[in-house]
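Everything below concerns the one structure shown next.
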Amino acid sequence: MELLKEQELPLVPYQGMNLVHRRELEIVNRFYRALVEGSEEEVDRLFNEFIRDVEEHFSYEEDLMRKSHFFAYECHHGEHNRVREELRSVKEKWERERNREKLKNYLEEVFKPWISEHILTMDTVTAQWLMRVMGGIGAL
Ligand SMILES: [Fe+2]
Ligand SMILES: [Fe+2]
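Numbering (our numbering), first residue to last: -1 to 138.
Written out as structure tokens, the structure reads:
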């Protein structure tokens, strides 16, 4: 029972970002599985873990963008902020309603297409920039 398969996650030219994306895939899949067949306690715990991981993922990229003076920082950062806000409101709704179907639906219909699209667009452009700025060395 998986939300996302590894082959569904696009790769970018900057390896560190791929590692962060793969970790997120594992965590979101665990969260999704708990929603389908786990206890309420597991759902709560994995929801928190998921939100923590998304925050680490976004801050990691924002840090790289700042260090490399990425030209579209505001745009990429703004999109991360929009998703941070969205997750906060989905979490609030979950706390109020405890509706597994709705939460599962959010992951399937909103988060899943978003993450692939985001990696293919903003993350890819950022990764290309990082590789250019660093001359392909791979460490900032
Ligand atoms: Fe990313
Ligand atoms: Fe990103």
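Quick reminder that beta carbons are idealized off the backbone N, C-alpha and C, glycines included.
As the structure is a prediction and not an experimental result, all values here were calculated from the model.
- Within the same chain, Cβ atoms closer than 8 Å to the Cβ of residue 38 are found at 96, the five residues on either side in sequence being excluded.
- Residue environment analysis places residue 124 among the buried positions, since at least 16 neighbouring C-beta atoms fall within 10 angstroms of its C-beta.
- Runs of the alpha helix (DSSP H) lying entirely within the region 65 to 118 and spanning at least 4 residues, in chain order: 71 to 95, 98 to 104, 110 to 116.
- Taking C-beta atoms as the reference points, residue 12 and residue 105 fail to come closer than 8 Å.
- Inter-residue distance for residue 85 and residue 64 is about 24 Å (C-alpha atoms, whole angstroms).
- In the structure shown, the three-state DSSP call for residue 37 is coil.
- DSSP places residue 7 outside any alpha helix (DSSP H), giving it a letter other than H or E.
- Burial state of residue 121 is buried, judged by a 10 Å Cβ sphere holding 16 or more other Cβ atoms.
- Residue 22 holds the alpha-carbon nearest to the alpha-carbon of residue 55 among 22, 74, 33.
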